[in-house]
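**Student:** In UniProt numbering, the protein residues as written are 36 to 341. Backbone N, C-alpha and C define an ideal beta-carbon position, used for all residues, glycine too. Source: prediction; values computed, not measured. Questions regarding the structure given below will be posed in turn.
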Ligand code: GYE
């Protein structure tokens, strides 16, 4: 059922833990897998989940968190769309005595007592992994290698960190040049649109680095429409490793994918249980993940769950 606030709710039962979860949106395959994971894990844990979709708008997340506070939920978890601007609402939760857990994305609040823990990936490391593979590919190249970059949502932790990690690794290789970098908001539609404009402005793009699979998949459509072969004429690196991305990698259209694991639900429910039980938890819980070349993607694709 959906209540007046647009939240999906399950019927309250006496004694159940009530968890308010404010999700970023439904912008990507990663996000859908993440939402499913949270819903399934909450059901398995026996929690009542109030799930609210912010449609990639911070103001909607702030509203959702305030509504959870008014409803006196037991705990609040959220994936902050951008890093900045959370102190006031997190302070309100703290004053109401409701513990907050960050999942997937970080906030830049100086006061770390505003939340219990942050569960998610190391996005800087993901950017480094993308950069290291590229450096290795072009280690013998003397000519300039022209890179275009599709950034994630402006101001979001994964967009900031994946850019920084990548730049940190490629900066010593003078011939690896980022010639254009723009946001595609983590969506296929925007990835396609921005890639179209990159292709119009630059005739000789060698490499695309997209901060997620979906933008990469949109860009592939634009590349093919321009009569070029993705994975050959333009080398493509993405992040996430969701099923559609892995399928494109298995076909050779994406050359390298850095994994970002969306299945955070079980760890989140564990953390909620621990916090409510007063058990000490780690302030930072880092997700384990790897990378896939085209060949490696082919080998695991059939068993890929998301
Ligand atoms: O990579 C992207 C999604 O925050 C890690 O958000 C997440 C990112 C993910 O839209 O596909």
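Is residue 319 near the ligand GYE, with its Cβ less than 6 Å from a heavy atom?
**Tutor:** Flag unset: Cβ of residue 319 not near the ligand GYE.
**Student:** Have a look at 69, 65 and 50 and flag the residue whose alpha-carbon is nearest the alpha-carbon of residue 302.
**Tutor:** Cα-wise, what sits closest to residue 302 is 69.
**Student:** Does residue 321 pass the burial test, meaning 16 or more other C-beta atoms within 10 Å, or should it be called exposed?
**Tutor:** By the 10 Å Cβ count, residue 321 comes out exposed.
**Student:** Relative to the alpha-carbon of residue 127, which residue among 155, 153, 98 and 143 has its alpha-carbon at the smallest distance?
**Tutor:** Closest option to residue 127, Cα to Cα, is 98.
**Student:** Starting from residue 238, trace the alpha helix (DSSP H) both ways and give me its first and last residue.
**Tutor:** Run containing residue 238: none; DSSP gives neither H nor E here.
**Student:** Quick check on residue 210: buried or exposed, where buried means 16 or more other Cβ atoms within 10 Å of its Cβ?
**Tutor:** By the 10 Å Cβ count, residue 210 comes out exposed.
**Student:** What do you reckon, is the C-beta of residue 163 under 6 Å from a heavy atom of the ligand GYE?
**Tutor:** Flag unset: Cβ of residue 163 not near the ligand GYE.
**Student:** For residue 276, which option in 202, 328, 145 and 261 has the closest C-alpha, if you only look at C-alpha atoms?
**Tutor:** Of the listed residues, the one whose Cα sits closest to residue 276 is 328.
**Student:** Within the chosen definition, does the segment 185-195 reach the segment 325-340 through at least 3 CB pairs nearer than 8 Å?
**Tutor:** Contact fails: fewer than three Cβ-Cβ distances are below 8 Å.
**Student:** Identify, in the order they occur along the chain, each residue of the same chain with its Cβ nearer than 6 Å to the Cβ of residue 215, setting aside the five sequence neighbours on each side.
**Tutor:** If we look at residue 215 and ignore the five residues flanking it on each side, its Cβ neighbours are 183 and 233.
**Student:** From what residue to what residue does the alpha helix (DSSP H) around residue 314 run?
**Tutor:** Element bounds for residue 314: n/a, residue is neither H nor E.
**Student:** Is it a yes or a no for the segment 101-117 touching the segment 125-141, going by three-plus beta-carbon pairs under 8 Å?
**Tutor:** Output reads yes: the segment 125-141 touches the segment 101-117.
**Student:** Within the same chain, show all residues whose beta-carbon is closer than 6 Å to that of residue 53, passing over the 5 residues directly before and after it, in chain order.
**Tutor:** The answer, listed in chain order, is 83, 108 and 109.
**Student:** With distances taken Cα to Cα, identify the nearest neighbour of residue 173 among 123, 236, 154 and 212.
**Tutor:** Comparing Cα positions, the closest option is 212.
**Student:** Would residue 295 and residue 156 be called neighbours here (beta carbons separated by less than 7 Å)?
**Tutor:** Cβ distance < 7 Å, so residue 295 and residue 156 count as in contact.
**Student:** Any idea which residues DSSP pairs residue 113 with across the strands?
**Tutor:** 57 and 137, per the DSSP bridge assignment.
**Student:** Can you tell which of 198, 132, 293 and 300 has its C-alpha closest to the C-alpha of residue 150?
**Tutor:** Per the Cα distances, 132.
**Student:** With a threshold of 16 other CB atoms inside 10 Å of the CB of residue 36, please say whether the residue is buried or exposed.
**Tutor:** Low confidence applies to residue 36: its pLDDT is 49, below 50, so where it sits in the model is not reliable, and the reading given next is rough at best. Classification of residue 36: exposed, given that the 10 Å Cβ count is below 16.
**Student:** In terms of residues, what are the limits of the alpha helix (DSSP H) holding residue 149?
**Tutor:** Segment: none, residue 149 is in no alpha helix (DSSP H) and carries neither H nor E.
**Student:** What are the partner residues of residue 321, as DSSP defines its beta bridges?
**Tutor:** BP columns for residue 321 point to 155.
**Student:** Cβ of residue 65 within 6 Å of any heavy atom in the ligand GYE?
**Tutor:** Within the cutoff, so yes.
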